[in-house]
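**Student:**
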Amino acid sequence: MRVENLVIIGSGPAGYTAAIYAGRAQLQPLVFEGFAAGGVPGGQLMTTTEVENFPGFPESITGPKLMHRMRQQALRWGARCITDDVVAVDFQPCPFQIASAEEMVRACAVIICTGATAKRLHLPGEERFWGNGISACAICDGASPLFQDGEVAVVGGGDSAAEEALHLTKYARKVHLLVRRDRLRASKTMQERLLPCQQIQIHWQCLPLSAHGDEVLRQVRVQNVLTGNVSELSVNGLFYAIGHTPNTQLFQGQLTLDRAGYIQTQGKSTATNIPGVWAAGDVQDRHYRQSGDGGGNWLHGSPRSRTLVSRTTIAGNSSSSINHDLSTNTKLFPLSQAWERGAEGGVRAGFMVLKAGFDITKETEPCQIRLTRLFVLDTKEEKL
Amino acid sequence: MSDSTNKTFCAGYQGREALEQLQQESATPIVVKFVAPHCPSCETLAPVLEQLVTDHLGKIHLVAIDLTEEPELAMELGVRSAPTVVLFQGTAVLERIAGLKPKKLYSEAIQKAL
Chain A
3 MRVENLVIIG
13 SGPAGYTAAI
23 YAGRAQLQPL
33 VFEGFAAGGV
43 PGGQLMTTTE
53 VENFPGFPES
63 ITGPKLMHRM
73 RQQALRWGAR
83 CITDDVVAVD
93 FQPCPFQIAS
103 AEEMVRACAV
113 IICTGATAKR
123 LHLPGEERFW
133 GNGISACAIC
143 DGASPLFQDG
153 EVAVVGGGDS
163 AAEEALHLTK
173 YARKVHLLVR
183 RDRLRASKTM
193 QERLLPCQQI
203 QIHWQCLPLS
213 AHGDEVLRQV
223 RVQNVLTGNV
233 SELSVNGLFY
243 AIGHTPNTQL
253 FQGQLTLDRA
263 GYIQTQGKST
273 ATNIPGVWAA
283 GDVQDRHYRQ
293 SGDGGGNWLH
303 GSPRSRTLVS
313 RTTIAGNSSS
323 SINHDLSTNT
333 KLFPLSQAWE
343 RGAEGGVRAG
353 FMVLKAGFDI
363 TKETEPCQIR
373 LTRLFVLDTK
383 EEKL
Chain B
38 MSDSTNKTFC
48 AGYQGREALE
58 QLQQESATPI
68 VVKFVAPHCP
78 SCETLAPVLE
88 QLVTDHLGKI
98 HLVAIDLTEE
108 PELAMELGVR
118 SAPTVVLFQG
128 TAVLERIAGL
138 KPKKLYSEAI
148 QKAL
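If you read the sequences in order, they're chains A and B. Counting in our numbering, the first sequence runs from 3 upward without gaps. Counting in our numbering, the second sequence runs from 38 upward without gaps.
Right, dumping it as structure tokens:
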């Protein structure tokens with residue numbers, strides 16, 4: 003089985019940013035972009051229309067275009083992308099084991115960027131009408147003939163809800179926005195677009211109770227949370243925009259998660275409770291959940307993660323010279339020795355020789371060979 | 038994620054007319070993918086279906102239909118979301134896969150139809 007330097011699980015802004023940095027550090031990262039689990043490859047920006055607050059795009063850019071560019075940038079620096087879902091991980095053995103639906107790899111280091119998935123309300127009738135009127139993605143399903151010139155409802159009061167409601171006005175005659183509170187959480191900019199829109203009616207302090215229909219959704223029963231009054235809305239569509247659940251099911255029992263299921267990282271770093279496994283982006287950030295943050299998160303993470311991605315050692319052509327880069331709290335070992343120590347449990351990994359066929363014992367390699375130090379080794383000494 | 042939005046529609050055949058012609062003239066099973074503009078899941082699915090059709094070259098047809106252009110056909114076939122894959126033998130529906138599902142499901146459905 004192949005042993006990878008670094009496997010990145012997930013392909014949102016955090017995943018591709020990690021891939022770009024690791025790629026530039028000549029780590030040749032392997033990225034599992036996902037397929038059907040946890041949302042589409044490219045992450046939640048794939049279901050966003052215009053991204054107006056990502057620095058560097060004054061005229062704005064669409065979510066899919068932005069993600070396409072991030073992917074291209076990762077590919078340019080040698081990342082290899084596999085469009086497949088990871089179905090199992092084992093962080094006990096060293097190197098770690100990662101299984102996708104189609105293949106199994108081992109990895110010296112793993113960065114988890116699996117992000118979060120749109121929440122559902124699990125209303126009575128929801129299962130029956132899921133995909134037949136109820137959806138969590140207006141961008142994906144709004145164009146369905148079901149909603150042409152009909153009435154639809156959006157649940158939520160944040161930016162996503164506002165964006166979905168505005169998007170749906172392209173297809174539906176009328177959009178009902180069901181807001182739990184008496185005000186919107188959406189940004190001022192979004193509110194300024196939403197409030198004057200004639201096609202959108204806002205129902206304040208209103209919650210959906212149940213979904214009804216025949217083959218497809220026809221009505222949603224709603225309740226005013228203040229008065230308790232129940233009424234019926236005749237709609238063909240019900241779209242959720244009520245926040246997210248982190249995609250961490252795969253890691254339960256192996257990584258420390260917080261009560262809401264987000265991966266707990268240590269202090270301000272991106273390090274998890276297992277040395278060699280990092281988490282970045284929405285999967286460990288329940289507060290900001292912004293693309294710039296997902297990417298930036300990776301950058302200003304722990305010094306340890308920076309060590310992983312940015313420090314490379316140019317070694318000369320003799321094995322002795324590889325030890326010249328010893329820094330204060332880092333021990334470097336030749337590859338073979340590192341793996342032995344790995345077996346003892348004290349050391350996670352050593353060097354990776356990135357040039358195929360390179361023999362560390364030979365002194366005849368032409369000019370410079372680039373060796374990459376993977377990450378800091380001795381878990382007994384290091385408190386990540 | 039595929040490398041181009043256009044790939045969503047880059048199937049062998051496109052549109053309702055092509056489908057109806059194939060249904061009349063060919064005994065080969067037909068994979069119809071219903072897609073929508075800007076649908077990211079459709080882009081993700083595109084290379085998977087193209088690969089399956091290449092793997093079974095000549096034994097299966099692939100037709101892409103934009104459900105915003107053919108809403109009546111979509112309604113007739115009970116297609117409510119994109120992507121939806123409908124597998125035909127002539128005019129008979131063999132299988133319908135709504136939403137983006139694990140790759141295995143598509144290959145198994147095609148395998149069964151051959």
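In this text, a Cβ means the ideal position worked out from N, Cα and C, and glycines have one as well. As the structure is a prediction and not an experimental result, all values here were calculated from the model.
S62/A: which of M69/A, E54/A, L68/A sits nearest, CA to CA?
**Tutor:** Taking the first sequence and counting its residues from 1, one reaches residue 62/A at position 60. Among M69/A, E54/A, L68/A, the Cα nearest to that of S62/A is on E54/A.
**Student:** On a Cα-Cα basis, can you pick out the residue from V88/A, Q150/A, Q254/A that is closest to I11/A?
**Tutor:** In the first sequence, residue 11/A corresponds to position 9, counting from 1. When each option's Cα is compared against that of I11/A, the closest is V88/A.
**Student:** Give the DSSP bridge partners of R26/A, in chain order.
**Tutor:** Position 24 of the first sequence, counted from the first residue, corresponds to residue 26/A. Answer by DSSP bridge pairing: none, since R26/A is not bridged.
**Student:** Could you pull out every unbroken beta strand (DSSP E) segment of at least 3 residues lying fully inside the stretch 43-107 of chain B, listed in chain order?
**Tutor:** List check, beta strand (DSSP E) in window: 67-72, 98-103.
**Student:** Check the C-beta distance from G44/A over to P66/A and give it rounded, since I have them as a contact under 8 Å.
**Tutor:** Residue numbering aside, residue 44/A sits at position 42 when the first sequence is read from its first letter. Residue numbering aside, residue 66/A sits at position 64 when the first sequence is read from its first letter. Sure, about 7 Å apart at Cβ, within 8 Å.
**Student:** List the residues of chain A whose Cβ lies closer than 8 Å to the Cβ of K70/B, in chain order.
**Tutor:** The sequence position of residue 70/B within the second sequence is 33, counting from 1. What K70/B touches in chain A: nothing, since even the nearest Cβ is about 14 Å away.
**Student:** How far does the beta strand (DSSP E) with T247/A in it reach, from first residue to last?
**Tutor:** Counting from 1 along the first sequence, the entry for residue 247/A is found at position 245. Element bounds for T247/A: 246-248.
**Student:** Am I right that M3/A and V107/A are in contact with their C-beta atoms under 8 Å? What's the rounded C-beta distance?
**Tutor:** Residue mapping note: residue 3/A aligns to position 1 of the first sequence, counting from 1. Residue mapping note: residue 107/A aligns to position 105 of the first sequence, counting from 1. About 7 Å separates the two Cβ atoms, so the contact holds.
**Student:** Taking buried to mean at least 16 other C-beta atoms within 10 Å of its own C-beta, is K101/A buried or exposed?
**Tutor:** Residue mapping note: residue 101/A aligns to position 99 of the first sequence, counting from 1. Correcting the residue type first, residue 101/A is Ala in the shown sequence and not Lys. With fewer than 16 Cβ atoms within 10 Å of its Cβ, A101/A is classed as exposed.
**Student:** Bridge partners of T121/B, per DSSP?
**Tutor:** To locate residue 121/B, count along the second sequence from 1; it is residue 84. Its beta-bridge partners are F71/B, A135/B.
**Student:** So with Cβ pairs under 7 Å, would you call G303/A a contact of chain B?
**Tutor:** Here the question's residue 303/A lines up with position 301 in the first sequence. Because G303/A carries a pLDDT of 38, less than 50, the predicted location of this residue cannot be relied on, and no value is offered for it.
**Student:** What are the residues that DSSP puts in a beta bridge with H156/A?
**Tutor:** Taking the first sequence and counting its residues from 1, the one referred to as residue 156/A is at position 154. At residue 156/A the sequence reads Val, which differs from the His that was named. L179/A, F241/A.
**Student:** Any idea which residues DSSP pairs H205/A with across the strands?
**Tutor:** Locating residue 205/A in the first sequence gives position 203, counting from the first residue. L180/A.
**Student:** For S146/A, decide whether its Cβ has a neighbour in chain B, counting only Cβ atoms nearer than 7 Å.
**Tutor:** The residue given as residue 146/A occupies position 144 in the first sequence. Yes, contact with chain B.
**Student:** Could you tell me whether any Cβ in chain A is nearer than 7 Å to the Cβ of S144/B?
**Tutor:** Counting from 1 along the second sequence, the entry for residue 144/B is found at position 107. So, not an interface residue.
**Student:** Does any residue of chain A have a CB that is nearer than 7 Å to the CB of T81/B?
**Tutor:** Sequence index remark: in the second sequence, residue 81/B carries index 44 (1-based). Chain A contact via Cβ: present.
**Student:** Quick check on S144/B: does DSSP put it in helix, strand or coil?
**Tutor:** Here residue 144/B refers to the residue found at position 107 when the second sequence is read from its first residue. Reduced to three states, the DSSP call for S144/B is helix.
**Student:** Using a Cβ-Cβ cut-off of 7 Å, state whether M48/A counts as contacting chain B.
**Tutor:** In the first sequence, counting from the first residue as 1, residue 48/A sits at position 46. Yes - at least one Cβ of chain B is within 7 Å of the one on M48/A.
**Student:** Are the C-beta of C115/A and some C-beta of chain B separated by less than 7 Å?
**Tutor:** Along the first sequence, one-based indexing puts residue 115/A at 113. C115/A does not count as touching chain B.
**Student:** Quick one: what's got a C-beta closer than 7 Å to T119/A's C-beta in the same chain, skipping five residues either side?
**Tutor:** Along the first sequence, read from residue 1 onward, the residue named residue 119/A stands at position 117. Correct list, in chain order: G40, G41, H246, T247, N249.
**Student:** Less than 7 Å between the beta carbons of T258/A and Q286/A, yes or no?
**Tutor:** For the purposes of this step, residue 258/A is taken as residue 256 along the first sequence, with counting starting at 1. For the purposes of this step, residue 286/A is taken as residue 284 along the first sequence, with counting starting at 1. Taking 7 Å as the Cβ cut-off, T258/A and Q286/A do not qualify as a contacting pair.
**Student:** Decide if the stretch 227-234 of chain A is in contact with the stretch 139-146 of chain A; the criterion is three or more beta carbon pairs, one per stretch, under 8 Å apart.
**Tutor:** Result no; under three Cβ-Cβ pairs closer than 8 Å.
**Student:** If we ignore side chains and look at the alpha-carbon of each, how far apart do W206/A and V177/A end up?
**Tutor:** Within the first sequence, numbered from 1, the residue matching residue 206/A stands at position 204. Within the first sequence, numbered from 1, the residue matching residue 177/A stands at position 175. Approximately 14 Å, taken between the alpha carbons.
**Student:** Around the C-beta of G269/A, are 16 or more other C-beta atoms found within 10 angstroms, so that it is buried, or is it exposed?
**Tutor:** In the first sequence, the residue the question calls residue 269/A occupies position 267. With fewer than 16 Cβ atoms within 10 Å of its Cβ, G269/A is classed as exposed.
**Student:** At a CB-CB cut-off below 9 Å, which residues of chain B make contact with T267/A?
**Tutor:** One-based indexing of the first sequence puts residue 267/A at position 265. What T267/A touches in chain B: nothing, since even the nearest Cβ is about 27 Å away.
**Student:** Taking the alpha-carbon positions, what's the R82/A to N231/A distance?
**Tutor:** Position 80 of the first sequence holds residue 82/A. Position 229 of the first sequence holds residue 231/A. Taking the straight line joining both Cα atoms gives about 55 Å.
**Student:** Tell me the rounded alpha-carbon separation between G14/A and E80/B.
**Tutor:** Within the first sequence, the letter at position 12 stands for residue 14/A. Within the second sequence, the letter at position 43 stands for residue 80/B. Near 16 Å, if we compare the C-alpha coordinates of E80/B and G14/A.
**Student:** So, does the stretch 128-147 of chain B touch the stretch 122-130 of chain A, judging by three or more C-beta pairs under 8 Å?
**Tutor:** Not touching, per the Cβ criterion.
**Student:** In chain A, which residues lie less than 8 Å from A111/B when you measure between Cβ atoms?
**Tutor:** Within the second sequence, residue 111/B is the residue found at index 74, counting from 1. Chain A residues near A111/B: S146, P147.
**Student:** Suppose the cutoff is 7 Å on Cβ atoms and the five residues either side in sequence are ignored; what does the same chain contact list for Y143/B look like?
**Tutor:** By 1-based counting over the second sequence, the position of residue 143/B is 106. These residues qualify, in order along the chain: V85, L86, L89, V122, I134.
**Student:** So with CB distances below 7 Å, who are the chain A contacts of G136/B?
**Tutor:** On the second sequence, position 99 is the one that residue 136/B refers to. Result: G133.
**Student:** Please classify H124/A as buried or exposed, where buried requires at least 16 neighbouring CB atoms within 10 angstroms.
**Tutor:** For the purposes of this step, residue 124/A is taken as the residue at position 122 of the first sequence. Result: exposed.
**Student:** Return helix, strand or coil for Q225/A, following the three-state DSSP convention.
**Tutor:** Reading the first sequence from its first residue, position 223 is the one you call residue 225/A. DSSP places Q225/A in strand when its eight states are reduced to three.
**Student:** Does the separation of the CB atoms of P120/B and K70/B fall below 7 Å?
**Tutor:** One-based indexing of the second sequence puts residue 120/B at position 83. One-based indexing of the second sequence puts residue 70/B at position 33. Taking 7 Å as the Cβ cut-off, P120/B and K70/B qualify as a contacting pair.
**Student:** Along chain A, in chain order, which residues have C-beta atoms closer than 9 Å to that of R53/B?
**Tutor:** One-based indexing of the second sequence puts residue 53/B at position 16. In chain order: nothing, as chain A lies at least about 13 Å away.
**Student:** Can you name the residues that DSSP bridges to W280/A?
**Tutor:** Counting from 1 along the first sequence, the entry for residue 280/A is found at position 278. Per DSSP, I113/A, A273/A.
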